[in-house]
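Engineer:
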Amino acid sequence: MTQETYDVLVVGGGPSGATAAHDLALAGKRVAMLDRAGRVKPCGGAIPPRAIRDFEIPDHLIVAKINNAQIVSPKRRRVDMPVETGYVGMVDRCEFDEWLRERAAGAGAEWIRGTSKDLERDPDGTAVITYDPKDGTGTQRLRAKMVIIANGARSELAMQAIPGQAHPKCVYAYHEIVKLPESGFDGQRCDVIYDGRTSPDFYAWIFPHGDTASIGTGSAQKGFSLRAATAAVRAENGLADAETLRREGAPIPLKPLKKWDNGRDVVLAGDSSGVVAPASGEGIYYAMLGGRLAAEAVQLALATNKASALKTARKRFMKEHGTVFLILGIMQFFWYRNDWVRERFVKMCMDKDVQRLTWEAYMNKKIVRKDPIAHVKIFFKDTAHLLGLTRA
Ligand SMILES: Cc1cc2nc3c(=O)[nH]c(=O)nc-3n(C[C@H](O)[C@H](O)[C@H](O)COP(=O)(O)OP(=O)(O)OC[C@H]3O[C@@H](n4cnc5c(N)ncnc54)[C@H](O)[C@@H]3O)c2cc1C
Numbered sequence: 541m542t543q544e545t546y547d548v549l550v551v552g553g554g555p556s557g558a559t560a561a562h563d564l565a566l567a568g569k570r571v572a573m574l575d576r577a578g579r580v581k582p583c584g585g586a587i588p589p590r591a592i593r594d595f596e597i598p599d600h601l602i603v604a605k606i607n608n609a610q611i612v613s614p615k616r617r618r619v620d621m622p623v624e625t626g627y628v629g630m631v632d633r634c635e636f637d638e639w640l641r642e643r644a645a646g647a648g649a650e651w652i653r654g655t656s657k658d659l660e661r662d663p664d665g666t667a668v669i670t671y672d673p674k675d676g677t678g679t680q681r682l683r684a685k686m687v688i689i690a691n692g693a694r695s696e697l698a699m700q701a702i703p704g705q706a707h708p709k710c711v712y713a714y715h716e717i718v719k720l721p722e723s724g725f726d727g728q729r730c731d732v733i734y735d736g737r738t739s740p741d742f743y744a745w746i747f748p749h750g751d752t753a754s755i756g757t758g759s760a761q762k763g764f765s766l767r768a769a770t771a772a773v774r775a776e777n778g779l780a781d782a783e784t785l786r787r788e789g790a791p792i793p794l795k796p797l798k799k800w801d802n803g804r805d806v807v808l809a810g811d812s813s814g815v816v817a818p819a820s821g822e823g824i825y826y827a828m829l830g831g832r833l834a835a836e837a838v839q840l841a842l843a844t845n846k847a848s849a850l851k852t853a854r855k856r857f858m859k860e861h862g863t864v865f866l867i868l869g870i871m872q873f874f875w876y877r878n879d880w881v882r883e884r885f886v887k888m889c890m891d892k893d894v895q896r897l898t899w900e901a902y903m904n905k906k907i908v909r910k911d912p913i914a915h916v917k918i919f920f921k922d923t924a925h926l927l928g929l930t931r932a
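For the sequence shown, the working numbering begins at 541 and goes up steadily by one.
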């Protein structure tokens with residue numbers, strides 16, 4: 541008996557995979573979404589208004605609305621960056637991801653709980669993903685005309701499906717979810733801490749989520765104790781004794797892979813394709829967009845019978861966001877090197893033009909081109925700060 545063949549199998553039901561599965565089901569495709577289930581993704585949960593708008597995230601999933609980011613320097617200069625219009629949304633990944641998966645299933649995607657193993661081929665060449673079902677009934681197989689791999693960072697399945705490239709460079713991030721005290725804590729402010737003691741090459745953070753908060757840090761340096769650094773952030777902010785609800789960590793890939801498709805029937809999306817923004821570590825919006833673009837690419841490939849259409853996912857993503865990723869990569873390289881430059885970086889954040897352009901770029905995911913004078917001013921201020929021509 542021949543096994544049924546899905547139009548598309550999506551491996552991974554995080555923001556990327558669930559978005560792809562939802563879009564494909566709405567488009568009338570026969571789609572399955574395989575997710576291993578049972579583990580909450582470690583994540584600060586900050587999302588920009590563009591994500592809320594484009595992916596129709598309902599208000600009840602936004603557990604906090606942030607109207608200010610406080611940037612903290614090694615010498616404890618504290619710079620407030622108020623959000624002038626709108627807010628940064630905070631989601632709890634436990635509810636957020638489950639809701640996205642339910643939405644995909646509600647649109648008609650078949651939601652299968654299990655862990656993928658390998659990509660194999662049937663004798664007729666059709667892709668088969670083997671997996672271990674959650675209920676322990678032994679290895680099964682899923683046949684599909686197209687496969688979207690969106691099972692997160694450092695995906696071995698992605699490496700197997702598209703050989704010849706290595707996992708992208710990662711920052712390892714760790715956080716603790718703590719219960720917040722009933723008073724004395726600003727639940728609408730994010731703290732972003734630039735200090736070599738709590739991260740030698742990235743940053744540490746406190747992101748409020750209603751009655752809890754994500755407190756954590758990241759670093760690519762092997763041997764740096766993320767736990768000790770997080771403990772230091774908690775102690776400094778009076779949260780050493782707050783109840784710890786979860787402790788967890790995960791890698792953040794900071795460079796888009798060169799190849800997202802195998803030229804035949806597989807395309808990557810989200811963290812599996814390496815798309816988290818350097819410097820900020822923001823990945824949810826980019827993962828959802830990657831899922832959407834992968835869904836559109838497989839639909840085009842199916843409709844035209846041309847596997848070359850799979851390339852459009854990466855092409856379209858990089859056209860829209862490649863420049864921002866490049867700029868953020870350069871920023872991370874220059875500004876996150878040592879405390880001397882970090883001090884200057886935080887001082888630069890006092891500048892109103894820097895604040896306005898940073899927020900506009902973050903909130904709407906567009907480089908603001910309509911204000912060239914502000915860009916020129918920032919360029920000269922940037923250079924002066926970097927050369928130490930201003931007093932820190
Ligand atoms: C500590 C930390 C803090 C972060 N903070 C933020 C933040 O504040 N804002 C932001 O925008 N980004 C943040 N990020 C990045 C963000 O979490 C990711 O970029 C985003 O989750 C990527 O979504 P994804 O769907 O590609 O992958 P994931 O969210 O990792 O989802 C992958 C899915 O695949 C499933 N899966 C995994 N392996 C298998 C398998 N073998 N078989 C079947 N299913 C499988 C998992 O269950 C999961 O549901 C943070 C990351 C970390 C680690």
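Beta carbons: idealized from backbone N, C-alpha and C, even for Gly.
Just so we're clear, the structure is a prediction, and the values are computed from it rather than from any experiment.
Do Pro-791 and Phe-865 have their C-beta atoms within less than 8 Å of each other?
Structural biologist: no
Engineer: With the cut-off set at 8 Å, would you say Met-828 and Pro-598 are in Cβ contact?
Structural biologist: No Cβ-Cβ contact shorter than 8 Å links Met-828 with Pro-598.
Engineer: Are the CB atoms of Met-573 and Gly-584 within a distance shorter than 8 Å?
Structural biologist: no
Engineer: To the nearest angstrom, report how far apart Val-603 and Asn-845 are at their CA atoms.
Structural biologist: 44 Å
Engineer: Counting only the same chain and skipping the five closest in sequence on each side, list residues whose C-beta sits under 8 Å from that of Asp-658.
Structural biologist: Ile-669, Thr-670, Leu-697, Gln-700
Engineer: Quick one: what's got a C-beta closer than 7 Å to Met-871's C-beta in the same chain, skipping five residues either side?
Structural biologist: Around Met-871, the same chain offers Ala-819 as residues with beta carbons nearer than 7 Å, after the five sequence neighbours per side are excluded.
Engineer: Does at least one heavy atom of ligand 1 sit under 7 Å from the Cβ of Asp-637?
Structural biologist: yes
Engineer: Nearest by alpha-carbon distance to Cys-710: which of Gly-704, Asp-811, Val-773 is it?
Structural biologist: Asp-811
Engineer: Using beta-carbon positions only, say whether Ala-772 and Asp-741 come within less than 8 Å of one another.
Structural biologist: no
Engineer: Is the closest heavy atom of ligand 1 to the C-beta of Lys-933 under 7 Å?
Structural biologist: The first residue shown for the chain is 541 and the last is 932, placing residue 933 beyond what the model contains.
Engineer: Can you tell which of Leu-840, Asp-801, Tyr-825, Ala-843 has its C-alpha closest to the C-alpha of Pro-588?
Structural biologist: Tyr-825
Engineer: Relative to the C-alpha of Asp-891, which candidate in Glu-596, Arg-643, Asp-620 has its C-alpha closest?
Structural biologist: Asp-620
Engineer: Comparing the CB of Ile-597 with every heavy atom of ligand 1, is any distance shorter than 7 Å?
Structural biologist: no
Engineer: Less than 8 Å separating the beta-carbons of Ser-695 and Ile-689?
Structural biologist: yes
Engineer: If you count every other CB in all the chains shown that lies within 10 Å of the CB of Trp-875, and 16 or more means buried, which is it?
Structural biologist: buried
Engineer: When you measure from the CB of Glu-783 to every non-hydrogen atom of ligand 1, does any distance come out below 7 Å?
Structural biologist: Every heavy atom of ligand 1 is 7 Å or more from the Cβ of Glu-783, so no.
Engineer: Quick one: Cα of Ala-567 to Cα of Gly-778, how far?
Structural biologist: C-alpha separation (whole angstroms): 50 Å.
Engineer: Counting only C-beta atoms, is Asp-801 closer than 8 Å to chain D at any point?
Structural biologist: Absent from the structure: chain D. Only one protein chain is present.
Engineer: Would you report the Cα separation of Asn-802 and Val-612, rounded to the nearest angstrom?
Structural biologist: If you draw a straight line from the Cα of Asn-802 to the Cα of Val-612, it is about 44 Å long.
Engineer: Smallest Cα separation from Arg-579: which of Arg-653, Gln-543, Glu-624?
Structural biologist: Arg-653
Engineer: What's the gap between the Cα of Gln-680 and the Cα of Glu-783?
Structural biologist: 41 Å
Engineer: So which of Gly-676, Arg-882, Arg-641 has the shortest CA-CA distance to Val-732?
Structural biologist: Arg-882
Engineer: From the DSSP output, in three-state form, read off Met-686 for me.
Structural biologist: strand
Engineer: CA-CA distance, Phe-747 and Arg-729?
Structural biologist: 7 Å
Engineer: Would you kindly work out how many angstroms separate the C-alpha atoms of Gly-553 and Lys-615, rounded to a whole number?
Structural biologist: 42 Å
Engineer: Is it the case that the Cβ atoms of Tyr-714 and Arg-633 are separated by a distance below 8 Å?
Structural biologist: no
Engineer: Short check: CB of Asp-594 to CB of Val-571, under 8 Å?
Structural biologist: No, Cβ-Cβ distance for Asp-594 and Val-571 is not below 8 Å.
Engineer: Would you kindly work out how many angstroms separate the C-alpha atoms of Val-550 and Val-806, rounded to a whole number?
Structural biologist: 10 Å
Engineer: For ligand 1, any of its heavy atoms closer than 7 Å to the Cβ of Asn-691?
Structural biologist: yes
Engineer: Compute the Euclidean distance between the alpha carbons of Gly-750 and His-562, then round it to the nearest angstrom.
Structural biologist: 28 Å
Engineer: Between Val-815 and Gly-831, how many whole angstroms is the CB-CB distance? I'm expecting something under 8 Å.
Structural biologist: Val-815 to Gly-831, Cβ: 11 Å. No contact.
Engineer: Locate the beta strand (DSSP E) running through Asp-547, then write down its first and last residues.
Structural biologist: 545-551
Engineer: What does a CB cutoff of less than 8 Å around Gln-839 pick up in its chain, not counting 5 residues either side in sequence?
Structural biologist: Only Leu-564, Ala-567, Lys-569 meet the Cβ criterion.
Engineer: At a cut-off of 7 Å, would you count Thr-655 as near ligand 1, judging by its Cβ distance to the nearest heavy atom?
Structural biologist: yes
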